[in-house]
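**Q**
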Amino acid sequence: MTAQSQPIAYFNGQLLPLDRISISPLDRGFIFGDGVYEVIPVYGGAPLRAREHFERLQRSMDEIALQNPHSVDEWIALMEQLLAHHPGNQSVYIQVTRGAPTKRDHVIPKGLQPTVFMMCYPLASPSREAIDNGVACITARDFRWEKCHIKSTSLLGNVLARQMSADQGAVETIMLRDGMLTEASASNVFVVKDGVVAAPPRDHLILLGITYDLLVKLAAEGSVRLEIRPISEAELRAADEVWLSSSTKEVLAVTTLDRKPVGSGKPGPVFRRMHALFQEHKSRLAPRRAVPA
Ligand code: PDD
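Number 246 in numbering that gives the first Met the number 0 belongs to position 247 of the sequence shown; there are no gaps in the numbering.
1) Round the Cβ separation of Leu225 and Ala233 to the nearest angstrom and send it over; I've been treating them as touching at under 8 Å.
2) Rounded to whole angstroms, what is the Cα-Cα separation between Lys192 and Ser231?
3) Would DSSP call Val215 helix, strand or coil?
4) For Glu128, which residues from the same chain have a beta carbon less than 6 Å from its beta carbon, with the 5 sequence-adjacent residues on both sides left out?
5) If distances are taken between C-alpha atoms only, which option among Tyr9, Lys248, Thr255 and Arg55 comes closest to Val241?
6) Measure the Cβ-Cβ separation of Ala198 and Phe189 and say whether it is below 7 Å.
7) Cutting at 8 Å between CB atoms, please list the residues of its own chain near Ala238, excluding the five before and the five after it.
8) With a threshold of 6 Å, establish whether the CB of Thr247 neighbours any heavy atom of the ligand PDD.
9) For Glu182, verify whether its CB is less than 6 Å away from any heavy atom of the ligand PDD.
10) Thinking just about the alpha-carbon of each residue, which of Gln94, Lys265, Gln278 and Pro229 is nearest to the one in Lys248?
11) Assuming Arg272 and Gly221 make a contact with CB atoms under 8 Å, what is their CB distance in whole Å?
12) If you draw a straight line from the C-alpha of Asp104 to the C-alpha of Asn67, how long is it?
13) Just to confirm my understanding: we take Trp74, look at its own chain, exclude 5 residues before and 5 after, and list those with CB closer than 6 Å. What are they?
14) Going by the CB atoms, is the gap between Gly28 and Thr96 shorter than 7 Å?
15) How would you label Glu145, buried or exposed, when you count the other beta carbons within 10 angstroms and need 16 or more for buried?
16) Any heavy atom of the ligand PDD closer than 6 Å to the CB of Leu256?
17) Run the CB neighbour count on Ala2, radius 10 Å, all protein chains shown included, and call it buried at 16 or more, exposed below.
18) Pro121 bridges to which residues according to DSSP?
19) Can you check which of these residues, Leu175, Pro125, Ser151 and His85, is closest to Gln57 by C-alpha distance?
20) How would you label Ile130, buried or exposed, when you count the other beta carbons within 10 angstroms and need 16 or more for buried?
21) Cα separation between Thr210 and His84?
22) Quick check: Ser23 and Ala99, are their CB atoms within less than 7 Å of each other?
23) From the DSSP secondary-structure annotation, give me the bridge partner or partners of Asn187.
24) Just the Cα atoms here: how many angstroms apart are Leu159 and Ala165?
25) Quick check on DSSP: helix, strand or coil for Phe142?
26) Who are the near neighbours of Ala289 in its chain, counting only those whose CB is closer than 6 Å to its CB and skipping five residues on each side?
27) How about Val195: is its Cβ closer than 6 Å to a heavy atom in the ligand PDD?
28) When the Cα atoms are used, what is the spatial distance from Ile137 to Asp257?
29) With DSSP collapsed to three states, give me the class of Lys109.
30) Would His203 and His148 qualify as a contact pair, given that the criterion is a beta-carbon distance under 7 Å?
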C-alpha cells in the first residue's frame, strides 16, 4: 500500500498505485469484453496452483487467438513482484485484453498490443459458519453462450445469473442446460450419492476449475470415489450432498437448493472428508519469504 493507501497494481509493464492506472475507452476489453482473466488464491504469500492458472490463461488466449505477452515463468515472476507489496492471504486478479485500437470495429485488428492488468485484494475465504452449516443456492436455466470453457471477461451471463441468487439471499446460482447440470455462476458444482462423488464433464459448457481439478486429484489420493460424467437435474435434486468449488470458495457444501434441504440439510460426511483433504493440501504450501520494505 502507498502512503495514500492505494494498493499497488501492475499495468502494462509497471507497478503503480491503482488510482494512477488509466485505460483507453477504446480498449476492446471495455468496448467488447474482448479479454480473458484469472483469479489465483494466495495463502500467507504462497500462491495455490499458480502454474495451472497461467496454463489455463494460455488456453483461454489460444481459444480467442490472443498472443500471450508472457511465458508462464514470466507471469509467475510478475505476480511475485506484485505479491511483494501484498502480504498475507490475497486474491490475485489477472486480466489480458486485446488492447486499444483507434476505432471501434468488431473485426479484430492486427498487431495490437494486449493490455495487461494485475491487482490483488484480500482473499475472502469462506466463514466458519459457511463451512459448518453450508450455504443456500438456487437453480436457473443456463442461458450463457456455448464457450463457457474460456475464462472470458465477457461475464454478463454469469453476472445476471449470480444476481438472481443475490436477490434471494443465496450464495450461488446453479445452472442447468437442457436438463443437465453445468456449473454455478462463479463456481463448479459436485454432487454426492451413496458416497460417490460426481462432477460434470470437462467440456465447453463449463469453466474447468483449477479447484475442480485439485479436488479430483485429492479425491483419488484420498480414496474418495469420484466419477466425471453428465449429471441430470433429477440427480442434482436427489443428491445426498451438493458442493461448490472455486479459487475463493475452496470447497463449500450446499445445504439448501431452491429453499429445500439437500440430503440431511447439513454438510455431509464426504464433504467433510474433502474439506479436510483440501485444508491439508493448503497447509503443505511452501511459506513465502519475508516481504521487502
Ligand atoms: N470464478 N466456473 C466459473 C463460471 C467461474 O467463474 C469459476 C471461478 C469457476 C471455478 O474455477 P476455479 O476453481 O479455477 O476458481 C468455475 C472466479 C473465482 C471468479 O470469477 O472470481
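Even for Gly, the Cβ is constructed at its ideal location relative to N, Cα and C. Here the structure is a predicted model, which means the values were calculated and not measured.
**A** For this structure:
1) Not confirmed; about 20 Å, so no contact.
2) 13 Å
3) helix
4) none
5) Thr255
6) yes
7) Val190, Val191, Lys192, Val261 and Gly262
8) yes
9) yes
10) Gln278
11) 7 Å
12) 22 Å
13) Phe53
14) yes
15) exposed
16) no
17) Because Ala2 carries a pLDDT of 48, less than 50, the predicted location of this residue cannot be relied on, and the following value inherits that uncertainty. Exposed, because fewer than 16 other Cβ atoms sit within 10 Å of the Cβ of Ala2.
18) Gln89
19) Ser151
20) buried
21) 26 Å
22) yes
23) Ser244
24) 10 Å
25) coil
26) Note that Ala289 scores 48 on pLDDT, short of 50, meaning its location in the model is unreliable and no value can be drawn from it.
27) no
28) 5 Å
29) coil
30) yes
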